[in-house]
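To convert, note that position 72 of the sequence shown is 53 in my numbering; the numbers rise steadily by one, no gaps.
The beta-carbon is built from N, C-alpha and C at its ideal position, and this holds for glycine as well.
What follows is a short report on a single structure.
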Amino acid sequence: MSTVLLVEDEELNRVLVRAIIARADAPAVHHANLLEAGSLADARSALAAHAVDLILLDVNLPDGNGLTLAAELNAAPARPTVVALTASVLPHEKAAAMEAGCDAFLDKPYAAADLVSMLANHLS
């Protein structure tokens, strides 16, 4: 079973991701263990306590830019896949996410099917 860390400060967005994963047809997604963090500090604590396979990373967080965490993970020995989730969709913002070490980028708002497909591709 894979572990996914959702780093998202908006509770409604966390509820949405929870529901999408719970209803996913893809077994790798449906059976994933979902951890949640509402800030960079919470994300760092979760990563220190748990082995994580994939991070769904909001870029704009109350205590900083999520891309800072992505860049920090580049030096990690067992680096998880990092997917930026953000409404900041200008080309230079996408480029910054990839330069920081994100493996994929999903624009907000996204379709449930797109999130499930992306998760299935990275967790299978």
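- For L50, the enclosing alpha helix (DSSP H) stretches over residues G47 to L54.
- With the rule of 3 Cβ pairs closer than 8 Å, the region 92 to 99 counts as touching the region 3 to 17.
- At least 8 Å separates the beta-carbon of T(-16) from that of L21.
- At the C-beta level, V(-12) and A13 stay beyond 8 Å of one another.
- Here D39 carries a strand assignment [DSSP, helix/strand/coil].
- A check of alpha carbon separations from A51 across A32, E80 and E74 identifies E80 as the nearest.
- In this structure, L38 is the residue among A24, L38 and D84 with its C-alpha nearest to the C-alpha of A68.
- Spatial neighbours of A9 in its own chain (CB-CB distance under 8 Å, excluding positions within 5 residues in sequence) are listed in chain order as S(-17), L100, A101, L104 and S105.
- Here the C-alpha atom of A24 lies approximately 14 Å from the C-alpha atom of R60.
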